[in-house]
Amino acid sequence: MSQYEAIVPDAAGRAPPGQRVGARAWIALGSLWFIYVLNFLDRQLLSILAKPIQDSLKISDSQLGLLGGLYFAMFYCFIAIPVGWLADRTNRVRVLAIACGIWSAATIACGLSRTYAQLAVARMTVGFGEAGGVPPSYAIIADYFPPHRRGMALGLYNLGPPIGAALGIAFGASIAAAFSWRDAFLVVGAVGIVAALAVVFVVREPRRGGLDGLAVGTVQPKAGFGETLKMFFTSPALLLASFGSGATQFITYGLGNFATLFLMREKGMALADVAVWYALVVCVGMSAGIFCSGWAIDRFTRKSKRAYGLVPAVSLILAIPFYCAFVWAPTWPLALVFLTGPTFLNYFYLSSSVALVQAEVRPNQRVMSGALLLLVMNFIGLGLGPTYVGAASDFFRASHPDHSLQMALYTLVPFYVLAIGLFFWLARVLGRRPQTEIAQ
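Numbering (UniProt numbering), first residue to last: 1 to 440.
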């Protein structure tokens with residue numbers, strides 16, 4: 001038996017006394033969500049402004065892929081581990097604020113870069129800062145919301161990426177069209193520095209495990225680094241969720257980092273059209289997908305834990321034909337119609353995997369476990385996805401000079417199949433366990 005008990009709602013679906021969600025929890029969630037919006041907006045500016053950056057700095061698709069992929073991910077993924085360990089043992093809100101300040105300052109540096117090398121160093125520093133953004137937030141939310149409300153809370157929090165991406169597209173493309181791509185980086189970085197200062201005063205550090213059945217006054221021992229590392233990488237469920245998410249992110253980041261360039265260069269879309277229509281597709285599609293996935297996880301995992309694997313597996317099966325149609329479409333308006341499908345369906349994995357990890361580990365291991373999840377899935381997806389697509393586009397340039405990105409994007413389809421298989425495997429593993437089992 002673990003050192004804490006699961007909180008179970010009554011027959012009417014109400015939480016026990018002391019487990020109701022108050023205003024402070026929603027204020028904290030809103031504040032963390034805004035930081036996540038900035039996190040993803042900063043991260044996506046490079047891909048949104050890919051064409052004017054290419055024209056200005058004279059860089060290739062492979063170099064662009066490295067900037068948005070491997071160079072960024074080397075810091076983003078691996079720095080998240082010591083940051084997670086530190087946050088599990090200190091004040092998580094302060095760790096988040098410092099991280100936000102670092103990545104925002106680095107975003108300003110991106111706008112001031114005059115060479116590819118300078119931009120590469122600035123992007124690595126953005127990755128360094130953003131490593132401390134998401135894992136502490138996951139754990140803070142888990143300590144503000146009881147177990148039966150975490151799927152929805154994390155689903156709402158994970159609306160940060162689509163809103164951030166959509167704002168980045170609309171704002172970044174508009175500024176680049178009217179002024180310069182550099183101005184977009186400068187403004188967004190300045191907003192982030194202000195937000196970093198504000199979050200310390202708005203969000204209070206919640207008690208660890210306070211909504212997981214731990215008695216008031218209970219002090220949990222601080223989790224050891226090696227203990228948490230061993231627990232995570234010896235858990236079949238956590239590994240399958242991580243690798244399934246990584247395979248999915250290989251597609252989403254591979255596509256996302258080149259979608260604007262693909263639409264403009266090969267579909268004839270103008271930057272002003274990107275600012276409106278592509279932004280709408282991303283905002284509506286991703287937001288609806290992440291929100292619906294949070295609702296689905298809360299609903300179906302009450303009946304069976306297998307839903308943690310089945311929900312993302314089914315959504316990815318449905319996404320494949322829409323994705324292929326998007327890549328094939330001869331015009332950008334038709335391409336955007338088809339893109340709405342995978343934009344909605346590709347992100348069901350996120351709420352599922354995050355909620356599973358937070359449910360499987362002890363409260364004093366949540367930040368580092370969230371960091372380990374991000375390490376695996378982001379190194380595979382964020383680190384290798386854009387890097388692969390950029391290299392594949394340059395490879396196909398000789399045989400398909402006008403459609404090299406189209407050919408590169410077609411080669412992402414097998415990764416759908418891989419991700420689907422991993423999530424079905426996860427569902428099988430979870431189906432073998434008792435419904436009430438809690439990780440030790």
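Heads up, the beta-carbon is just placed ideally off N, CA and C, and yes, glycines get one too. In this text, all values refer to a predicted model and were calculated from it rather than measured experimentally.
Using three-state DSSP, classify SER399 as helix, strand or coil. Sequence index remark: in the sequence shown, residue 399 carries index 399 (1-based). Residue state for SER399 is assigned as coil, using DSSP reduced to three classes.
The region 265-273 in contact with the region 142-159 per 3-pair CB rule at 8 Å: Three or more beta-carbon pairs separated by less than 8 Å are not found between the region 265-273 and the region 142-159, which leaves the two stretches without contact.
Quick check: the Cα distance between MET74 and ALA131, rounded to an integer number of angstroms? Walking along the sequence shown from the start, residue 74 turns up at place 74. Walking along the sequence shown from the start, residue 131 turns up at place 131. In a straight line, the C-alpha of MET74 is about 10 Å away from that of ALA131.
Name the residue from VAL187, PHE78 and LEU261 whose alpha carbon lies nearest to the alpha carbon of SER47. Position 47 of the sequence shown, counted from the first residue, corresponds to residue 47. Of VAL187, PHE78 and LEU261, the residue nearest in Cα terms is LEU261.
Among ILE81, PHE34 and LEU334, the one whose alpha carbon lies nearest that of CYS100: Taking the sequence shown and counting its residues from 1, the one referred to as residue 100 is at position 100. Checked all of ILE81, PHE34 and LEU334; the closest Cα to CYS100 is PHE34.
Compare the Cα-Cα distances from residue 464 to each of GLY370, PHE395, ALA392 and ARG149 and report the closest residue. One cannot answer for residue 464 here, as it falls past the ends of the chain, which runs 1 to 440.
Could you compute how far the alpha carbon of ILE7 sits from the alpha carbon of ALA355? For the purposes of this step, residue 7 is identified with residue 7 of the sequence shown, where counting begins at 1. For the purposes of this step, residue 355 is identified with residue 355 of the sequence shown, where counting begins at 1. Only weak support exists for where ILE7 lies, its pLDDT of 40 falling under 50; the coordinates are left without a value.
Under 8 Å between C-beta atoms of TYR253 and SER137: Residue 253 sits at position 253 when you count from the first residue of the sequence shown. Residue 137 sits at position 137 when you count from the first residue of the sequence shown. No, they are not a contact pair.
For THR125, is the classification buried or exposed, using 16 other Cβ atoms within 10 angstroms of its Cβ as the cut-off for buried? Looking up residue 125 in the sequence shown gives position 125. Per the 10 Å Cβ criterion, buried.
Helix, strand or coil at THR260 according to DSSP, with G and I counted as helix: Counted from its first residue, the sequence shown places residue 260 at position 260. Looking at THR260 - three-state DSSP - the assignment turns out to be helix.
Is GLY217 helix, strand or coil when you go by DSSP? Within the sequence shown, residue 217 is the residue found at index 217, counting from 1. Annotation note: pLDDT 49 at GLY217 (below 50); position unreliable, coordinate value reported separately. DSSP places GLY217 in coil when its eight states are reduced to three.
Contact set for THR340: own chain, Cβ-Cβ below 7 Å, skip 5 residues either direction: Along the sequence shown, read from residue 1 onward, the residue named residue 340 stands at position 340. Here the set comprises VAL281 and GLY285.
Apply the 10 Å Cβ neighbour rule to VAL274 and answer buried if 16 or more other Cβ atoms are within range, or exposed otherwise. In the sequence shown, the residue the question calls residue 274 occupies position 274. Answer is buried; the Cβ neighbour count reaches 16.
Taking the alpha-carbon positions, what's the VAL203 to ARG24 distance? Here residue 203 refers to the residue found at position 203 when the sequence shown is read from its first residue. Here residue 24 refers to the residue found at position 24 when the sequence shown is read from its first residue. Distance between the alpha carbons of VAL203 and ARG24: 8 Å.
With DSSP collapsed to three states, give me the class of PRO133. Here residue 133 refers to the residue found at position 133 of the sequence shown. According to the sequence provided, residue 133 is Gly. The question's Pro does not apply to it. In the three-state scheme derived from DSSP, where H, G and I count as helix and E and B as strand, GLY133 is classed as coil.
Helix, strand or coil, according to DSSP, for VAL203 in the structure here? To locate residue 203, count along the sequence shown from 1; it is residue 203. DSSP places VAL203 in coil when its eight states are reduced to three.
Exposed or buried, which one is PRO386 when buried takes at least 16 other CB atoms within 10 Å? Along the sequence shown, read from residue 1 onward, the residue named residue 386 stands at position 386. PRO386 comes out buried.
Less than 8 Å between the beta carbons of PHE258 and VAL389, yes or no? Stepping through the sequence shown from its first residue, residue 258 is reached at position 258. Stepping through the sequence shown from its first residue, residue 389 is reached at position 389. In this structure, PHE258 sits near VAL389, with a CB-CB distance shorter than 8 Å.
Can you list, in chain order, the residues of its chain whose CB lies under 6 Å from that of SER104, leaving out five sequence neighbours each side? As a working mapping, residue 104 is identified with position 104 in the sequence shown. So the qualifying residues of the chain are GLY189, GLY192 and ILE193.
Given a cut-off of 8 Å on the beta-carbon distance, is the pair PHE201 and VAL376 in contact? Stepping through the sequence shown from its first residue, residue 201 is reached at position 201. Stepping through the sequence shown from its first residue, residue 376 is reached at position 376. Taking 8 Å as the cut-off, the beta carbon of PHE201 is found no closer than this to the beta carbon of VAL376.
CB-CB length for LEU382 against PHE72, believed under 8 Å: The sequence position of residue 382 within the sequence shown is 382, counting from 1. The sequence position of residue 72 within the sequence shown is 72, counting from 1. Yes, LEU382 and PHE72 are in contact; Cβ-Cβ is about 7 Å, under 8 Å.
Looking only at C-alpha atoms, which of ALA97, VAL121 and ASP402 sits nearest to ILE108? The count along the sequence shown starts at 1 and reaches residue 108 at position 108. Its Cα nearest to that of ILE108, the residue VAL121 stands out among ALA97, VAL121 and ASP402.
Between the Cα of PHE128 and the Cα atoms of PRO82, ALA117 and THR115, which residue gives the shortest distance? Counting from 1 along the sequence shown, the entry for residue 128 is found at position 128. Ranked by how close their Cα comes to the Cα of PHE128, the residues PRO82, ALA117 and THR115 have PRO82 in first place.
Between ALA50 and chain D, is any beta-carbon pair separated by less than 8 Å? No chain D appears in this structure, which consists of one protein chain only.
Name the two residues that bound the continuous alpha helix (DSSP H) containing TYR76. Position 76 of the sequence shown, counted from the start, is the residue given in the question as residue 76. 70-78 is the extent of the alpha helix (DSSP H) around TYR76.
My output table needs one value for ASN364: the three-state DSSP class, helix, strand or coil. Counting from 1 along the sequence shown, the entry for residue 364 is found at position 364. The three-state reading of DSSP puts ASN364 in helix, counting H, G and I together.
Quick one: residues in its chain with C-beta nearer than 7 Å to the C-beta of PRO17, no 5 flanking neighbours on either side, listed in chain order? Taking the first residue of the sequence shown as 1, we reach residue 17 at position 17. Any reading at PRO17 must be qualified, since the residue scores a pLDDT of 46, below 50, and its modelled position is unreliable; the value itself is stated next. Hits under 7 Å: none found.
Assuming ASN39 is part of the alpha helix (DSSP H), what are its boundary residues? For this step, residue 39 is matched to residue 39 along the sequence shown. Annotation for ASN39: the continuous alpha helix (DSSP H) segment containing it runs 23-48.
Report the residue from SER62, LEU310, GLN365 and ALA97 whose alpha carbon sits nearest the alpha carbon of ALA195. As a position in the sequence shown, residue 195 is number 195, starting the count at 1. The candidate whose alpha carbon is nearest that of ALA195 is ALA97.
For ALA198, the nearest candidate out of TYR144, HIS403 and SER31 (CA to CA): On the sequence shown, residue 198 is found 198 positions in, with the first residue counted as 1. Taking only the C-alpha atoms, the option nearest ALA198 is SER31.
Along the chain, which unbroken stretches of the alpha helix (DSSP H) at least 4 residues long are found entirely within the region 249-323? 259-265 and 279-300, all fully within the region 249-323.
Please classify ARG432 as buried or exposed, where buried requires at least 16 other C-beta atoms within 10 Å of its C-beta. Mapped onto the sequence shown, residue 432 falls at position 432. It counts as exposed.
Grouping DSSP H, G and I as helix and E and B as strand, with all else coil, what is THR340? Here residue 340 refers to the residue found at position 340 when the sequence shown is read from its first residue. Looking at THR340 - three-state DSSP - the assignment turns out to be helix.
According to DSSP, is TYR388 helix, strand or coil? Walking along the sequence shown from the start, residue 388 turns up at place 388. The answer is helix: DSSP assigns TYR388 an H, G or I state.
Rounded Cβ spacing between ASP394 and ASP61 (contact assumed at less than 8 Å): To locate residue 394, count along the sequence shown from 1; it is residue 394. To locate residue 61, count along the sequence shown from 1; it is residue 61. Rounded, the Cβ-Cβ distance is 5 Å, consistent with contact.
According to the Cβ coordinates, are SER352 and PRO401 closer than 8 Å? In the sequence shown, residue 352 corresponds to position 352, counting from 1. In the sequence shown, residue 401 corresponds to position 401, counting from 1. Not closer than 8 Å, so no.
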